[in-house]
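Colleague: Residue numbers (the working numbering), protein chains in the order written: chain C, 10 to 304; chain U, 30 to 298.
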Amino acid sequence: MSAGQRWRNWRQTEAANGLLMVSPTVIYAILMLAAPLGTILLYSFLTDGYLQIIREFTIANYVEAWTNELYRTVMIRSLGVSMTVTLVTVLLAFPIAYFVSFHVEASKKSMWLFLITIPFWTSYLIRVFLWKVILGYNGVVNSSLLGIGVIDQPLDFILYNVNSVVITLAHAYAPFAILPIFVALEKIDRSLLEAGQDLGETKFRTFLRVTLPLAMPGVIASVLIVFIPTIGDYVTPQLVGGPEGRMVANLIQLQYLKLDNYPLGSAIAVSAMAIVTLVSVIFVGLNRRYLKGPK
Amino acid sequence: MMKGGWFKVYAIGYLLFLYAPIIILPMFAFNDATVIAFPLSGFSTRWFSAMLEEPTLRIAVKNSLFIAVTSSVLATTLGIFAARASTRYRFPMKTGLMGLIMLPLVLPEIIVAVSLLVVLLGLGVNLSLWTVILGHVLICTPFTIAILSSAFQSLDQSLEEAAYDLGESAASTFRLIILPLVMPGIISSLLISFTISLDEFIIAFFLAGTEPTLPVYIFSQFRFPAAVPVIMALGTVLVCLSILLLTIAEYFRRRGIAKSGGKDTGGFL
């Protein structure tokens with residue numbers, strides 16, 4: 010069999026058809042995503058010269074990124090904010106997903122999901138700015154609390170610090186957390202719940218022993234889909250964070266656009282992604298037993 | 030139903046939290062004061078007329094529309110290839126390749142932005158609207174695949190086989206049978222990518238060079254307190270526009286699912 014014949018035969022297979030069809034998208038992703046990410050990794054090991062990059066291998070950027078007091082503080086803070094946001098978002102989201110899946114009529118489920126996703130699609134910048142208005146010194150929260158006499162002075166611990174960053178991000182990522190949990194809950198066979206109760210479990214025990222474990226794949230997906238992008242959020246810390254709410258994205262932007270130090274910026278970016286990946290892998294590992302599919 | 034009672038109270042409270050910024054937005058857009066704070070002072074539409082006379086805003090809108098239209102067409106095209114391949118065929122390294130394509134869904138946008146910036150500057154490419162499009166296509170594609178996969182998944186393969194049996198080629202089958210059936214999914218995917226691109230800030234901020242896009246313009250105006258009321262008016266217009274676009278997208282998504290007889294699992298994501 011000649012090479013041409015073999016090629017024609019291979020061309021007829023399902024694998025070849027699939028690969029050929031997916032190739033434009035894959036090539037785009039390799040050129041615009043994989044290659045640039047590789048370049049960042051490479052840059053993080055190069056030396057920064059004034060207005061140019063010296064092709065000399067070094068780990069000095071990583072030493073700087075991990076030992077400099079400022080960078081370390083920002084990195085730890087970002088990780089803390091991301092984890093808090095994830096916890097708050099997922100805890101608040103679960104009852105909503107549960108409500109829509111179990112208590113809303115089938116015909117109205119789409120409408121509820123639509124209502125939940127609408128705020129997510131409206132201008133992110135303006136939404137973040139409005140949180141500044143809500144939480145500010147003369148803002149909605151303070152005016153209402155002053156108005157009904159709960160406080161005598163405007164609260165000032167809710168804007169320009171980590172708290173306001175957490176509130177704003179928890180708002181921004183809410184739909185991301187609700188949808189995966191909802192999908193997992195929808196998949197649960199309702200007869201399992203009836204079986205649990207027929208066997209004498211209370212509703213609450215049935216929830217803990219049947220519903221929750223079966224919903225865990227959705228919860229895990231929510232955690233990852235909130236945790237990973239929030240650590241790199243730039244707009245929220247920039248607008249509502251104030252000096253003590255700055256996060257790693259602000260640092261990366263500073264290195265790239267203001268200080269022109271690409272190697273250090275790359276090292277910070279790579280470090281942040283490495284930490285996020287590590288935390289995510291550990292988290293998934295700890296929840297391994299929930300992710301096994303039905304036999 | 031009483032047992033859902035507390036859940037319903039919680040759900041309504043939660044929706045209030047979700048909608049709080051959007052409810053407040055028009056209050057300040059129509060408020061007759063330069064300072065964005067309570068109490069409100071009076072009704073006025075002057076911020077809307079001021080908005081129409083902003084020359085930079087006009088350029089920014091034009092740029093953003095160009096980027097959003099181009100990105101959504103390109104992303105949907107790439108999405109069609111990937112969604113069709115992943116729902117119809119099994120091929121080697123499928124999980125890995127699809128994982129790479131879907132990666133921008135979770136990757137922080139700033140990472141996408143700086144990595145593209147480094148490569149483009151390294152290659153000597155001048156930053157322009159096209160470099161923003163390169164980035165936007167990348168982040169829109171996973172969303173288009175998510176929408177299009179459900180459209181392709183609900184296709185009945187026997188229709189396609191019947192077309193082959195009747196002598197149609199692969200290309201004409203795709204054009205005559207498959208395309209019309211997934212059309213609602215394609216429209217919905219175009220609208221969603223358009224909305225994402227129109228609202229995207231970070232990538233445009235890094236890759237647009239000196240050209241303003243709408244979000245970059247909005248961000249720059251936040252530095253000037255006097256410019257903020259106009260931005261509130263602009264925001265109100267944008268919110269109305271995106272609700273309109275999403276409603277149309279949702280309509281087509283549902284119609285597509287109904288057309289091919291699938292079950293609605295709800296949501297865009």
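Cβ atoms here follow ideal geometry from the backbone N, Cα and C, with glycine treated the same way.
Just so we're clear, the structure is a prediction, and the values are computed from it rather than from any experiment.
1. Exposed or buried, what is V38(U) when buried is set at 16 or more other beta-carbons lying within 10 Å of its beta-carbon?
2. Provide the residue span of the alpha helix (DSSP H) that contains Q21(C), from first to last.
3. Buried or exposed: where does N70(C) fall if 16 or more other Cβ atoms within 10 Å of its Cβ makes it buried?
4. Express the C-alpha separation of S271(U) and I261(C) in angstroms, rounding to a whole number.
5. If I measure Cβ to Cβ from I207(U) and keep anything under 7 Å in the same chain, skipping five residues before and after, which residues do I get?
6. Report all residues from its chain with a CB closer than 8 Å to the CB of L300(C); omit the five preceding and five following residues, and keep chain order.
7. Keeping to the same chain, check which residues put their C-beta closer than 7 Å to that of I187(C); ignore five residues upstream and five downstream.
8. Is the region 204 to 219 of chain U in contact with the region 80 to 91 of chain U, if contact means three or more CB pairs nearer than 8 Å?
9. Grab the span of the alpha helix (DSSP H) containing Q6(C) for me, first residue to last.
10. Interface residues of chain C around P55(U) at Cβ under 8 Å?
11. Expressed to the nearest angstrom, what Euclidean distance is found between the alpha-carbon atoms of D228(U) and P244(U)?
12. Looking at chain C, is there any beta carbon in it that lies within less than 9 Å of the beta carbon of E264(U)?
13. What do you reckon, is the C-beta of M261(U) under 8 Å from a heavy atom of the ligand MN?
14. Does DSSP classify E161(C) as helix, strand or coil?
15. Tell me which same chain residues have a C-beta within less than 6 Å of the C-beta of A74(C), skipping the five on either side of it?
16. Using only the alpha-carbon positions, how far apart do N155(U) and L107(U) sit?
17. So, L152(U) versus L42(C), is the Cβ gap smaller than 9 Å?
18. Consult DSSP for G241(C) and reduce its assignment to one of helix, strand or coil.
19. Can you find the residues in the same chain that come closer than 8 Å, C-beta to C-beta, to C269(U), ignoring five residues on each side of it along the sequence?
20. So is W19(C) buried or exposed if we call it buried at 16+ other beta carbons inside 10 Å?
21. What residue range does the beta strand (DSSP E) around I62(C) cover?
22. Which stretch, first to last residue, makes up the beta strand (DSSP E) that contains G58(C)?
23. Using the rule of at least 16 other Cβ atoms within 10 Å of the residue's Cβ for burial, across every protein chain shown, is E78(C) buried or exposed?
24. Let me know if Q21(C) comes out buried or exposed under the rule of 16 or more other beta-carbons within 10 Å of its beta-carbon.
25. Can you name the residues of chain U whose CB is closer than 8 Å to the CB of S132(C)?
26. CA-CA distance, W159(U) and I96(U)?
27. Distance check for A40(U) and I190(C), CA to CA, integer angstroms please.
28. How about V232(C): is its C-beta nearer than 9 Å to some C-beta of chain U?
29. Rounded to whole angstroms, what's the CA-CA distance from N60(U) to R136(C)? Just pull it up for me.
30. According to DSSP, simplified to helix, strand and coil, what is N70(C)?
31. By alpha-carbon positions, which one of I51(U), T173(U), F203(U) ends up nearest to T224(U)?
32. If we ignore side chains and look at the alpha-carbon of each, how far apart do L96(C) and Y182(C) end up?
33. With three or more C-beta pairs closer than 8 Å as the rule, is the region 229 to 238 of chain U touching the region 68 to 80 of chain U?
34. Would you list, in chain order, the members of the region 208 to 233 of chain U that have their beta-carbon closer than 7 Å to a beta-carbon of chain C?
35. Mind checking V99(C): buried by the 16 CB within 10 Å criterion, or exposed?
Modeller: The answer reads as follows:
1. exposed
2. 12 to 21
3. buried
4. 31 Å
5. L184, E189
6. M225, P226, I229, V293
7. A102, I105, A106, I125
8. no
9. Chain C is shown only over 10 to 304; residue 6(C) falls outside these bounds and no answer can be derived.
10. The contacting residues do not exist; P55(U) stays about 11 Å from chain C at best.
11. 6 Å
12. Glu is not the amino acid found at residue 264(U); the sequence shown has Gly there. At least one chain C Cβ lies under 9 Å of G264(U).
13. This structure lacks the ligand MN; in fact it carries no ligand of any kind.
14. The sequence shown places Asp at residue 161(C), rather than the Glu named in the question. D161(C) falls in the coil class under three-state DSSP.
15. Y80, A276, I277, S280
16. 24 Å
17. no
18. coil
19. none
20. exposed
21. 61 to 63
22. 56 to 58
23. exposed
24. exposed
25. D228, P244, I247, G264, L267, V268, S271
26. 8 Å
27. 15 Å
28. no
29. 18 Å
30. helix
31. T173(U)
32. 12 Å
33. no
34. T224, D228, F230, I231
35. buried
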